[in-house]
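**Student:**
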Amino acid sequence: MDYVSGILSGFQVVFQVSNLFYCFVGVFIGTLVGVLPGIGPVGALSMLLPATFGMSPVSAIILFAGIYYGAAYGGSTTSILVNIPGEASSVVTCIDGYQMARNGRAGAALGISAIGSFIGGTFSVVALMLLVFPLAKAAVLFGPPEYFSLICMSMTIVVYLAHGSLMKAIIMAIVGLILSTVGLDFITGVQRFTFGSDTLQDGLGLVPVAMGVFGIAEVLTNLRDHVERTILSAPIKNLLPNLEEWKRSVWPIVRGSVLGFPLGILPGGGAIIASFLSYGVEKRLSKHPEKFGKGAIEGVAGPETANNSGAGGAFVPLLAMGIPSNLVMALLLGALMIHGVTPGPRMITQRPDIFWGVIASMYLGNAMLVVLNLPLVGLWVKILKVPYRILMPLILLFCLIGAYSLNNNVVELIIMVVFGVVGYCLRRLGYEEAPMVLAFVLGPLLERSFRQSLIMSDGSFMIFVQKPLSAISLAISALLIISSGFSYYKKTKAKISVDE
Amino acid sequence: MKTEDHQVFAIFFWVGLGVFVMYSSCRFGLGSFRSPGPGLMPFLLGALLCSVSLYFLATSFFWKNAKKGAESETKEKGQSQANMGKIIFVVASLIVYALVLEKLGYVVSTLFLLFGLFWAAGTTKLVAAVSSVGTVLLTYFFFSHLGVTFPQGILKFIRV
Numbered sequence: 000m001d002y003v004s005g006i007l008s009g010f011q012v013v014f015q016v017s018n019l020f021y022c023f024v025g026v027f028i029g030t031l032v033g034v035l036p037g038i039g040p041v042g043a044l045s046m047l048l049p050a051t052f053g054m055s056p057v058s059a060i061i062l063f064a065g066i067y068y069g070a071a072y073g074g075s076t077t078s079i080l081v082n083i084p085g086e087a088s089s090v091v092t093c094i095d096g097y098q099m100a101r102n103g104r105a106g107a108a109l110g111i112s113a114i115g116s117f118i119g120g121t122f123s124v125v126a127l128m129l130l131v132f133p134l135a136k137a138a139v140l141f142g143p144p145e146y147f148s149l150i151c152m153s154m155t156i157v158v159y160l161a162h163g164s165l166m167k168a169i170i171m172a173i174v175g176l177i178l179s180t181v182g183l184d185f186i187t188g189v190q191r192f193t194f195g196s197d198t199l200q201d202g203l204g205l206v207p208v209a210m211g212v213f214g215i216a217e218v219l220t221n222l223r224d225h226v227e228r229t230i231l232s233a234p235i236k237n238l239l240p241n242l243e244e245w246k247r248s249v250w251p252i253v254r255g256s257v258l259g260f261p262l263g264i265l266p267g268g269g270a271i272i273a274s275f276l277s278y279g280v281e282k283r284l285s286k287h288p289e290k291f292g293k294g295a296i297e298g299v300a301g302p303e304t305a306n307n308s309g310a311g312g313a314f315v316p317l318l319a320m321g322i323p324s325n326l327v328m329a330l331l332l333g334a335l336m337i338h339g340v341t342p343g344p345r346m347i348t349q350r351p352d353i354f355w356g357v358i359a360s361m362y363l364g365n366a367m368l369v370v371l372n373l374p375l376v377g378l379w380v381k382i383l384k385v386p387y388r389i390l391m392p393l394i395l396l397f398c399l400i401g402a403y404s405l406n407n408n409v410v411e412l413i414i415m416v417v418f419g420v421v422g423y424c425l426r427r428l429g430y431e432e433a434p435m436v437l438a439f440v441l442g443p444l445l446e447r448s449f450r451q452s453l454i455m456s457d458g459s460f461m462i463f464v465q466k467p468l469s470a471i472s473l474a475i476s477a478l479l480i481i482s483s484g485f486s487y488y489k490k491t492k493a494k495i496s497v498d499e
Numbered sequence: 000m001k002t003e004d005h006q007v008f009a010i011f012f013w014v015g016l017g018v019f020v021m022y023s024s025c026r027f028g029l030g031s032f033r034s035p036g037p038g039l040m041p042f043l044l045g046a047l048l049c050s051v052s053l054y055f056l057a058t059s060f061f062w063k064n065a066k067k068g069a070e071s072e073t074k075e076k077g078q079s080q081a082n083m084g085k086i087i088f089v090v091a092s093l094i095v096y097a098l099v100l101e102k103l104g105y106v107v108s109t110l111f112l113l114f115g116l117f118w119a120a121g122t123t124k125l126v127a128a129v130s131s132v133g134t135v136l137l138t139y140f141f142f143s144h145l146g147v148t149f150p151q152g153i154l155k156f157i158r159v
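As you go down the protein sequences, you meet chains A and B in turn.
Under numbering that gives the first Met the number 0, the final residue of the first sequence carries the number 499; numbering is consecutive throughout.
Under numbering that gives the first Met the number 0, the final residue of the second sequence carries the number 159; numbering is consecutive throughout.
1. List, in order along the chain, the chain A residues whose C-beta lies closer than 7 angstroms to that of residue 160 of chain B?
2. Could you tell me which whole beta strand (DSSP E) segments of length 3 or greater appear in the stretch 24-75 of chain A?
3. When you compare the stretch 44-54 of chain A with the stretch 94-104 of chain A, are there three or more beta-carbon pairs, one atom per stretch, that lie closer than 8 angstroms?
4. Looking only at its own chain, which residues have a Cβ that is under 8 angstroms from the Cβ of residue 89 of chain B, when we skip the five neighbours before and after it?
5. Please list the partners that residue 170 of chain A has in chain B, where partner means a Cβ-to-Cβ separation under 8 angstroms.
6. Please report the straight-line C-alpha distance between residue 33 of chain B and residue 454 of chain A, rounded to a whole angstrom.
7. Could you please tell me which residues of the stretch 126-149 of chain A, in chain order, have their CB closer than 7 angstroms to any CB of chain B?
8. How should residue 191 of chain A be labelled, buried or exposed, when 16 other C-beta atoms within 10 angstroms of its C-beta is the threshold for buried?
9. Can you name, in chain order, every residue of its own chain whose Cβ lies under 6 angstroms from the Cβ of residue 123 of chain A, other than the five neighbours on each side?
10. From the DSSP secondary-structure annotation, give me the bridge partner or partners of residue 26 of chain B.
11. With a threshold of 16 other CB atoms inside 10 Å of the CB of residue 25 of chain B, please say whether the residue is buried or exposed.
12. I need the boundaries of the alpha helix (DSSP H) containing residue 346 of chain A, first residue and last residue.
13. Do you know offhand how far residue 321 of chain A's Cα is from residue 341 of chain A's?
14. Applying a beta-carbon distance threshold of less than 8 angstroms, which residues of chain B neighbour residue 166 of chain A?
15. Given a cut-off of 8 angstroms, decide if residue 256 of chain A and residue 296 of chain A are closer than it, judged by their beta-carbon atoms.
16. Using the beta-carbon of each residue, which ones in chain B are nearer than 9 angstroms to residue 189 of chain A?
17. Given that residue 193 of chain A touches chain B, what residues does it touch there, using C-beta distances under 7 angstroms?
18. Run through chain A and tell me which residues come within less than 9 angstroms of residue 100 of chain B, C-beta to C-beta.
19. Just the C-alpha distance for residue 71 of chain B and residue 137 of chain B, rounded to the nearest angstrom, thanks.
20. Have a look at the DSSP bridge pairing and note the partners of residue 11 of chain A.
21. Below 8 angstroms on the Cβ atoms is my contact criterion, and I expect residue 315 of chain A with residue 130 of chain A to pass it. Report the Cβ-Cβ distance as a whole number of Å.
22. Given this structure, state the Cα-to-Cα distance separating residue 336 of chain A from residue 16 of chain B, to the nearest angstrom.
23. If you follow the alpha helix (DSSP H) that residue 119 of chain A is in, where does it begin and where does it stop?
24. State the CB to CB distance for the pair residue 127 of chain A and residue 358 of chain A, rounded to an integer number of angstroms; the pair is presumed to be in contact (CB under 8 angstroms).
25. Flag residue 391 of chain A as yes if its beta-carbon sits less than 8 angstroms from any beta-carbon of chain B, otherwise no.
26. Quick check: what's the CA-CA separation for residue 318 of chain A versus residue 140 of chain A?
27. For residue 450 of chain A, return the contacting residues in chain B, with the cut-off set at a CB-CB distance below 8 angstroms.
28. Counting pairs of Cβ atoms below 8 angstroms between the stretch 435-454 of chain A and the stretch 177-189 of chain A, do you hit three or more?
29. Hey, could you find the ends of the alpha helix (DSSP H) residue 312 of chain A is sitting in?
30. Using the Cα positions of residue 9 of chain A and residue 24 of chain A, report the straight-line distance between them to the nearest angstrom.
31. Quick one: which chain B residues come within Cβ less than 7 angstroms of residue 457 of chain A?
32. Short check: CB of residue 210 of chain A to CB of residue 42 of chain A, under 8 angstroms?
33. In chain B, which residues lie with their C-beta within 8 angstroms of the C-beta of residue 446 of chain A?
34. Just to confirm my understanding: we take residue 462 of chain A, look at its own chain, exclude 5 residues before and 5 after, and list those with CB closer than 7 angstroms. What are they?
35. Taking residue 174 of chain A as the query, report the chain B residues whose CB atoms sit under 8 angstroms from its CB, ordered along the chain.
36. For residue 45 of chain B, report the span of its alpha helix (DSSP H) as first-last.
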């Protein structure tokens, strides 16, 4: 199937009334969770996973994809109007977006953010479409050693890019891998860490774990550290930037699109890095870097474009190889597997309706988001005013319904609450949950690839360096480990000398 | 307990977890590299967790740097203790909810849970009651429509 007929068939799928509806609902919910601080796309996807049981796989993934890229749009609204990022990838938008709003240019900031997001999002869909096929063809040739090394590299990058302590991120990744070993061994059927529980024989579920460490832990954290939100009360006018602002935004949008996509492919927070890097690049290239931080439109246009372009890039490893690059993709993987579809190179040929349907829905969803985010900005501002005392019980209830309805099993509710408390404690102690949950998702594939590789090689570890792709992936991992280890050693040494 | 103490406690917890995982893995059967058993991967991960945690302990906490953390903690203490009560209440409510859900059914148990949560969050009793009833009915019909089966519990005689 060539690109033109593929995308046409995709539009046929997405223009079915039900899929059109789910695409709209997805981007609407995405914008909503992006706007509301404290509940992100991971939580929303976890809660809605059971609601997709009655849907076709293509509708489910259209809905979920819409939530993901919709959240990247919505996150900017809170950054600009409240100075609280709705999403991690919108953190950098607070710097100049909020200043623009204070200077009476909230409309222009929201406008350029939505337009940049649309252009970045559309660019990434085109790039995704062109890149997935060659990658998927290559991925068919991957064997267990390549998969093992690629997953090792993914996890090393996730740990390397962690925001806080490197050692804590490594510990989290190892804990995630240990958690993934719970349940029956896939070869021998031996029970591992099940403690006699029937529920644990199938392993820990992704939904209770993810909803616990993200949904419940977020609520508990908000209960402890209550943050007052001050929303800009002035009316928002002139959503289109003026001519001067357009001129200043064109190149940041172009650079943000090109920069964001490849960074989005990287495992772990690609869209976040893309937005920060874009901000840095724009500041460096600007003739007036002193205006950054005081309401420079380039500081909104570039990062907002980059994070949406990055959101599209994140689909590449999932669709081409079946390897999720972040938590949302991990949940998408889980949702597809529940529907009996395994993402990866074979999905494109075996289920072209899903692949092309998602691609087409992303084109359409990006257009819907512009409509949702510009004329309806007043609605989002009103939603922002909903007090947390109303939201908190609702978030908890949706988490409970999500965890229970997956298997109608109350044990999973308890698992979710336990992981909620664990997630809260981890946050208090400065441990990041993302490496743990991503390692938890990738763990079974890592173990399977590791054991199959050793069986294939008759116990020789040389198999991991004899295959070129595997060797390259491991070399990159080793370089990252050495580099981060060296920087950790230097930091620790410096601290010791200061204390002495 | 200071922040620093919590951090040290956490690291000892990871070491303990690593040892437990290694010990359990031996019982699952380690196999050999030619024929890896079910315990091999967890054993290696347990060993890695112990090593990394001990290295972290050695490099991070054998020098004193807790002054800043301890100061800021004292300022926050009063506020956090008040909120800690809410956190314990919410966690306890969720566990009790999980335990009684199938016996009482979705409608009754969720009604109690939501009332407690709304009230704990700071709404008045009237608002809490109205919000709870509305939310329970809305979610029940919405999710039932989507194919989710809720436990009927003590209201199983009522057919909707």
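C-beta: ideal position from N, C-alpha, C; glycine also.
Quick caveat: nothing in here was measured; it's all calculated off a predicted structure.
**Tutor:** Let's see:
1. Nothing about residue 160 of chain B can be reported from this structure: the residues present for chain B run from 0 to 159 only.
2. Runs found: none.
3. Judged by Cβ distances under 8 angstroms, the stretch 44-54 of chain A makes no contact with the stretch 94-104 of chain A, as fewer than three pairs qualify.
4. Cβ-Cβ distances below 8 angstroms link residue 89 of chain B to 116, 119 in the same chain, with the five nearest sequence neighbours on each side left out; the list follows chain order.
5. Here the neighbours are 13, 48, 51, 52, 55.
6. Computed Cα separation, rounded: 6 angstroms.
7. Cβ contacts with chain B come from no residue of the stretch 126-149 of chain A.
8. Looking at its Cβ environment, which holds 16 or more other Cβ atoms inside 10 Å, residue 191 of chain A is buried.
9. Once the five neighbours on either side are set aside, the close Cβ partners of residue 123 of chain A are 260, 308, 311, 312.
10. According to DSSP, residue 26 of chain B bridges with nothing at all.
11. So residue 25 of chain B counts as exposed.
12. 344-349 is the span of the alpha helix (DSSP H), which, as asked, contains residue 346 of chain A.
13. Distance between the alpha carbons of residue 321 of chain A and residue 341 of chain A: 7 angstroms.
14. Chain B residues near residue 166 of chain A: 51, 54, 55, 58, 59.
15. The beta carbons of residue 296 of chain A and residue 256 of chain A sit no closer together than 8 angstroms.
16. Result: 27, 28, 36, 37, 38.
17. Contact annotation for residue 193 of chain A against chain B: no contact, minimum CB-CB distance about 11 angstroms [criterion: below 7 angstroms].
18. What residue 100 of chain B touches in chain A: 399, 403, 409, 412.
19. Its pLDDT being 45, under 50, residue 71 of chain B is placed unreliably in this model, and the coordinates cannot settle the point.
20. Secondary-structure assignment with DSSP links residue 11 of chain A through no beta bridge to anything.
21. Rounded to the nearest angstrom, the Cβ distance from residue 315 of chain A to residue 130 of chain A is 6 angstroms, consistent with a contact under 8 angstroms.
22. If you take the alpha carbons of residue 336 of chain A and residue 16 of chain B, they lie about 31 angstroms apart.
23. Run containing residue 119 of chain A: 105-138, per the alpha helix (DSSP H) assignment.
24. Between residue 358 of chain A and residue 127 of chain A the Cβ distance is about 7 angstroms, and since that is below 8 angstroms, they are a contact.
25. So, interface residue.
26. Taking the straight line from one Cα to the other gives about 15 angstroms.
27. Taking a Cβ-Cβ cut-off of 8 angstroms, the neighbours of residue 450 of chain A in chain B comprise 35, 39, 40, given in sequence order.
28. In short, these stretches touch, since the Cβ pair count reaches three.
29. Element bounds for residue 312 of chain A: 297-312.
30. Residue 9 of chain A and residue 24 of chain A have their C-alpha atoms roughly 18 angstroms apart.
31. Within chain B, the residues near residue 457 of chain A are 33.
32. A contact, by the Cβ cut-off of 8 angstroms.
33. Those are 40, listed as they occur along chain B.
34. For residue 462 of chain A, the CB contacts under 7 angstroms within the same chain, skipping 5 residues up- and downstream, are 144, 452, 455, 456 in chain order.
35. Chain B residues near residue 174 of chain A: 13, 16, 48.
36. Taken as a continuous stretch (DSSP letters only), the alpha helix (DSSP H) holding residue 45 of chain B covers 39-59.
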